[in-house]
Amino acid sequence: MGGAGPRTLLLLFVAVVPVIVGLALVAAVLLQRAGFGLVVWALVPFAVSMLLIAGLGVVLGRAASRSSDDSRQGRSRNDDGV
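Okay, here's the thing in structure tokens:
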């Protein structure tokens with residue numbers, strides 16, 4: 001995510017989270033219709049979606065802080081100051 005600023009990464013996060021939640025809902029319905037028990041069809045998609053959202057938040061948060069630090073210093077990530 002070379003030139004993406006913190007605001008762009010936040011908008012990406014806001015756009016991707018509902019997609020992940022929607023996919024978890026579809027997975028829950030499919031698991032329920034396949035005959036799995038309440039614990040499986042209710043908790044597994046929820047837990048997986050929370051892990052994906054948390055992981056995405058960590059990745060995008062690091063990218064946003066890195067791009068924010070670079071812009072504060074007035075140089076690109078590839079410029080080592082030599």
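So in full-length UniProt numbering, the last spot in the sequence shown is 82, and the numbers never skip. Glycine included, every Cβ here is placed at the ideal spot set by N, Cα and C. Keep in mind that this is a model prediction, so the values were computed, not measured.
Considered as a whole, the stretch 5-45 harbours no complete run of any beta strand (DSSP E) with no fewer than 3 residues. Using a C-beta cut-off of 8 Å, the stretch 34-45 makes no contact with the stretch 53-60, since fewer than three inter-stretch Cβ pairs fall below that distance.
Within its own chain, the residues whose Cβ lies closer than 8 Å to the Cβ of residue 46, once the five positions on either side in sequence are excluded, are 24 and 28, listed in chain order.
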